[in-house]
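Protein chains in written order, with our numbering: chain A, -13 to 219; chain B, -13 to 219.
Quick reminder that beta carbons are idealized off the backbone N, C-alpha and C, glycines included.
Being a predicted model, the structure only gives us computed values, none of them experimental.
Notes for the one structure printed next.
Right under this line is the structure:
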């Protein structure tokens, strides 16, 4: 864990220990620098993490405020660290239905900015949180970034594998979604009824240098999936 | 419009004019400072706006990258400027069903951190985008911040009224949502059928200094509302 990640963790513990309530003002960057005995840039990076998690809000020229703690079990859609990262303390498991190399479909090819007839990995799996079906996921991966993929990797956290084994730096993602009715096949996968509601969700992930490497389509279980966004003006 | 807002607008035009494509690297802060002949802090503030809009991504130590332009008609849930702000070029109208002072319900009182028996404004309205039902909104407002509200104000953009007339500085908000089936009464409001899908959405807005002033419950029309989030690792 990097220094600023350690500091972020310590600051979260400090906030959670109840010394701070939602709406309270945190000490200034200067004061935090002294408290944790680190550089200003380490504090700034740590605060960035807390901000993305939705734990603090930095008001320009006014200060740093503590936000309400996110309710447990809600998926933070702004800070995309993958399911395992999001649901710490809960048991995230995957049932892999398919993982293979295929020629990229046209729609995926455009989103991943690939040449015609490029091979990509396709993965289909059901994600469970504490044994309950959370979503069906279909992901296409750019093989220039995701060099290798197989079933035993796909059973665990792909993001951890990418970051730790392949040293991929995950940067940002575009999310588009809408609410819809489940088609027959989708309903079967989620063990729901045709026509039941669902969240229909598209996400394209980019590296920190702007290369799209993962084009995912997720269908969330309407009873088991709940979402959170730490939003800003 | 403030200087950095002007610069943000100019930079958006510069990006949109096609000189930059998604994934392209923008000039450095130093270079932009010279190009627009403004201070470094003005550029940094302008880049913050573009980042919240999902138009750029700032990679620490690597540079500033252009993102894909958000698809038209999708509501950006990360940057909450209100519907009118989000749907520029589209016709946003409201049908006000109710606006009055009431004693705050218990659940709202807790979220707005109010004393028992405090009066709040309650507003109910249907929001239309280009004549199509977009959502049903029920909002409770803290009267210490939202000093006055009536039907003719509620027919237009409440956020513009708060910012321009009441000088409220809107800071951040917590969003929680899930997918559900419409109850009979909700279905009637949205002109849909009971049991149809919906996005069930709760949002609490805070001022820049952490005071909660608006506790809203929205039910989005599943065919007409589409959403976007510029997400980050």
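Neighbours of residue 4/B in chain A, taken as residues whose beta carbon is under 8 Å from its own, are absent, since the nearest beta carbon is some 17 Å off. Under the three-state reduction of DSSP output, residue 60/B falls in the coil class, being neither helix nor strand. At a cut-off of 7 Å between C-beta atoms, residue 160/B counts as an interface residue with respect to chain A. Looking at 27/B, 25/B, -13/B, 42/B, the one whose alpha-carbon comes closest to that of residue 7/B is 42/B. The criterion of a C-beta distance shorter than 7 Å is not satisfied by residue 139/B and residue 176/B.
Within the segment 165 to 191 of chain A, the residues whose Cβ lies closer than 7 Å to any Cβ of chain B are, in chain order, 165, 166, 167, 183, 184, 185.
Segment contact: the segment 102 to 111 of chain A against the segment 80 to 89 of chain A, three or more CB-CB distances shorter than 8 Å; contact assigned.
Relative to residue 167/B, the option among 16/A, 32/A, 184/A whose CA is nearest is 184/A.
In the DSSP assignment, residue 180/B falls outside any beta strand (DSSP E), carrying neither H nor E. Note on residue 211/B: 16 or more other CB atoms within 10 angstroms of its CB, so buried under the neighbour-count rule.
Contact annotation: in the segment 48 to 61 of chain A, residues whose CB is within less than 9 Å of a CB in chain B are 48, 49, 51, 52, 53, 54, 56, 57, 60. In the structure shown, residue 88/A adopts extended strand secondary structure according to DSSP, grouped into three states. For residue 26/B and residue 15/B, the gap between their C-alpha atoms comes out near 7 Å. Within the segment 194 to 216 of chain A, those residues whose Cβ lies closer than 8 Å to any Cβ of chain B are, in chain order, 194, 195, 196, 197, 198, 206, 208, 211, 212, 213, 214, 215, 216. For residue 126/A, no chain B residue has a Cβ inside 8 Å of its Cβ, as the nearest lies near 17 Å away.
Residues of chain A whose Cβ lies closer than 8 Å to the Cβ of residue 65/B are, in chain order, 217, 218, 219. Counting every other CB atom within 10 Å of its CB across the protein chains shown gives residue 17/A a total below 16, marking it as exposed. The three-state secondary structure of residue 135/A, taken from DSSP, is coil. According to the DSSP secondary-structure assignment, residue 111/B is paired through a beta bridge with 82/B, 123/B. A check of alpha carbon separations from residue 75/A across 38/A, 116/A, 104/A, 94/A identifies 116/A as the nearest.
Each residue's CA atom was taken as its position, placing residue 1/A and residue 36/A some 11 Å apart.
Scanning its chain for C-beta atoms nearer than 7 Å, with the 5 sequence neighbours on each side dropped, one finds around residue 54/A the residues 8, in chain order.
Of 165/B, 181/B, 159/B, the smallest CA-CA separation from residue 63/B is found for 159/B. Look at the segment -7 to 27 of chain A: the residues with a C-beta under 7 Å from a C-beta of chain B are 9. Under the three-state reduction of DSSP output, residue 209/B falls in the coil class, being neither helix nor strand. Per DSSP, the beta-bridge partners of residue 50/A are 44/A.
In terms of Cβ geometry, residue 29/B and residue 19/B form a close pair [threshold 7 Å]. In the DSSP assignment, residue 11/B forms a beta bridge with 51/B. Distance from the CA of residue 186/B to the CA of residue 40/A, rounded to the nearest whole angstrom, comes to 20 Å. Under the 7 Å criterion on CB atoms, residue 156/B is classed as interfacial with respect to chain A.
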